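Q: Residue numbers (UniProt numbering): 1 to 479.
The C-beta atom is built at its ideal place from N, Cα and C for all residues, glycine as well.
All values derive from a computational prediction rather than experimental measurement.
Encoded as structure tokens, here's the structure I'll be asking about.
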């Protein structure tokens, strides 16, 4: 069968994670079955013997920021957003979700999703929505192309990975230039194209490109630069470093596919690629959250935008914690890196006003103009709250009050004990890892920001063993 396996995985993680959290004795089961009247409907049930939900609360459990009882929040924690996100994803896949539960006797979440028979998706044409709900397949333009994606920002990495995988590409990832060089050494024979971010910690994209070019056998591997600007100076710097082409972020997926195809698909050259420079775009009024523009860049893929927007909200508080209210020559490099990263993520999801203020800050810091820095950081913080509020409305519906939309929880700091607890849970392959990790991401990560960012992809992909190894190395280095 063919369906959106990534979205199905996210739904099951949310529902199974909730079931495990609220079940202190008994069992949790996941059941799969095919519809008795249709060959193309998959039914799934997540059954637990946990605390259950009273009947008068059944209608509200799928509402944003809702849990059955206040006492439940105190005892088990969480915001209740997992069910809201699951409902949204099920509906995006063309299905429906429902709840059966008796308080004290457990719960059963049932949902169904349509699918199509397995086939060579590169040759599948658009299927009838009447037959298969919202499941649509189309010719994948990057089928059998392997891409090394080098990007330090997790939101930009998520968007690029999912967009390119939707086009049939196989994606390998690296979070900095040093990892990219190592990846080429180890897997270079299967890599067709490298997408290289320019500004990254540890080793930047220019240096990484020069080192890759120096490797025996890889002097000709196509390397495409990704930057947050479309300035001629950036393109010149990319060319001087040995990069073959350049695309500015946030990228338009159609344009990116054309550029990659110029290096991987026979009979297509860079002359066939349509370039759109930001300098030629008409001026428009900036928006708190311009989802229309973001969707256009993502090929109208609402799933990817929702995933990126969810991550943006979850990571925004941590990002703000990396931008201090005072800057000096001693910390300006770290502050510029944090501002640049948040600017890229803001542009990707369509938080245009936030990105605009971050761009002002970036320019000021490059010129060592610090006099208005604190005021502009305060203005940017307010714009970020407005953007998150607008994104919440887009994802979950309008909040009950303006005050609710503007609530920013007080930050707590991540402790070494919590990192050790996370490491222990990873060693046990305990699904509570997902809740613990999400909770840590919402806190002030301080000195643990780097290592938590390093394990982000491993946790998302349920590669708990690799995440555990990274954390153990970090904890040993602290001793």
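Would residue 456 and residue 154 qualify as a contact pair, given that the criterion is a beta-carbon distance under 8 Å?
A: Yes.
Q: Where does residue 185 sit, in a helix, a strand or coil, going by DSSP?
A: Residue state, collapsed to three classes: helix.
Q: Whole angstroms is fine: what's the gap from residue 60's alpha carbon to residue 439's?
A: Roughly 23 Å between the two C-alpha positions.
Q: Could you give the distance in angstroms between the alpha-carbon of residue 92 and the alpha-carbon of residue 45?
A: Approximately 18 Å, taken between the alpha carbons.
Q: When the Cβ atoms of the region 302-312 are set against those of the region 352-362, are three or more pairs found closer than 8 Å?
A: Verdict: no, contact absent.
Q: So, helix, strand or coil for residue 18, using DSSP?
A: Of the three classes helix, strand and coil, the one that applies to residue 18 here is helix, per DSSP.
Q: Can you look up residue 152 in the DSSP assignment and give me helix, strand or coil?
A: DSSP places residue 152 in coil when its eight states are reduced to three.
Q: Can you look up residue 312 in the DSSP assignment and give me helix, strand or coil?
A: If DSSP states are grouped into helix, strand and coil, residue 312 belongs with the helices.
Q: Whole angstroms are fine: how far does the CA of residue 304 sit from the CA of residue 162?
A: Their Cα atoms are separated by approximately 7 Å.
Q: Would you grab the beta carbon distance between residue 169 and residue 145 for me? Rounded to a whole angstrom, and I think it's under 8 Å.
A: Yes, they are in contact, since the Cβ atoms of residue 169 and residue 145 sit about 5 Å apart, within 8 Å.
Q: By Cβ distance below 7 Å, which residues in the same chain neighbour residue 345 in space, the five residues on each side in sequence not counted?
A: Counting only Cβ-Cβ distances below 7 Å, and skipping sequence neighbours, we find 153, 155, 156, 312.
Q: Hey, how far is the Cα of residue 42 from the Cα of residue 35?
A: Whole-angstrom Cα-Cα distance: 6 Å.
Q: Counting beta carbon pairs with one atom in the region 291-305 and one in the region 327-342, are three or more of them shorter than 8 Å?
A: Result no; under three Cβ-Cβ pairs closer than 8 Å.
Q: Taking all protein chains shown into account, do 16 or more other C-beta atoms lie within 10 angstroms of the C-beta of residue 248, making it buried, or fewer, making it exposed?
A: Residue 248 is buried by the Cβ-count criterion.
Q: Give me the DSSP bridge partner(s) of residue 146.
A: The partner list for residue 146 (beta bridge, DSSP) reads 170.
Q: Need the endpoints of the beta strand (DSSP E) that residue 246 sits in, please.
A: Its beta strand (DSSP E) spans residues 245-248.
Q: List the DSSP bridge partners of residue 303.
A: Paired residue(s): none; residue 303 is not in a bridge.
Q: Straight-line CA distance for residue 423 to residue 204?
A: Going from the Cα of residue 423 to the Cα of residue 204 covers about 29 Å.
Q: Out of 225, 106, 241, 83, which has the shortest C-alpha to C-alpha gap to residue 484?
A: What the structure shows of the chain is the stretch from 1 to 479, and residue 484 is not part of that stretch, so it cannot be assessed.
Q: I'd like to know whether the C-beta atoms of residue 89 and residue 199 end up nearer to each other than 8 Å.
A: No, these two residues do not count as a Cβ contact at 8 Å.
Q: Between residue 263 and residue 244, which are expected to be in contact by the criterion C-beta below 8 Å, what is the C-beta distance as a whole number of angstroms?
A: Their Cβ separation, rounded to whole angstroms, is 7 Å, which keeps residue 263 and residue 244 in contact under 8 Å.
Q: From the DSSP output, which residues share a beta bridge with residue 99?
A: Beta-bridge pairing links residue 99 to 109.
Q: Residue 51 by DSSP, collapsed to three states: which one?
A: DSSP places residue 51 in coil when its eight states are reduced to three.
Q: Judging by CA-CA distance, which residue of 257, 106, 103 is the nearest neighbour of residue 166?
A: When each option's Cα is compared against that of residue 166, the closest is 257.
Q: Do the region 21-41 and the region 444-459 meet, that is, are 3 or more Cβ pairs less than 8 Å apart?
A: Output reads no: the region 444-459 does not touch the region 21-41.
Q: How many angstroms separate the CA atom of residue 463 from the CA atom of residue 415?
A: Their backbone Cα atoms lie some 23 Å apart in a straight line.
Q: Hey, residue 106 and residue 17: beta-carbon distance below 8 Å or not?
A: Their beta carbons are not under 8 Å apart, which means residue 106 does not touch residue 17 by this criterion.
Q: Could you give the distance in angstroms between the alpha-carbon of residue 443 and the alpha-carbon of residue 418?
A: The straight-line gap from Cα to Cα measures roughly 11 Å.
Q: Can you name the residues that DSSP bridges to residue 29?
A: Residue 29 is bridged to 47.
Q: Less than 8 Å between the C-beta atoms of residue 109 and residue 15, yes or no?
A: Yes, Cβ-Cβ distance for residue 109 and residue 15 is below 8 Å.
Q: According to the neighbour-count rule (16 or more other Cβ atoms, all chains shown, within 10 Å of its Cβ), is residue 375 buried or exposed?
A: Exposed, by the Cβ-count rule.
Q: Report, in whole angstroms, the separation of the C-beta atoms of residue 172 and residue 183, which I expect to be a contact under 8 Å.
A: Contact holds; Cβ gap of about 6 Å.
Q: Put residue 91 into one of helix, strand or coil per three-state DSSP.
A: Helix.
Q: Quick one: grab the DSSP three-state call for residue 196.
A: If DSSP states are grouped into helix, strand and coil, residue 196 belongs with the strands.
Q: If you compare alpha carbons, which of 333, 391, 355, 19 is closest to residue 367?
A: Closest by alpha carbon: 333.
Q: Please classify residue 176 as buried or exposed, where buried requires at least 16 neighbouring CB atoms within 10 angstroms.
A: Under this definition residue 176 is a buried residue.
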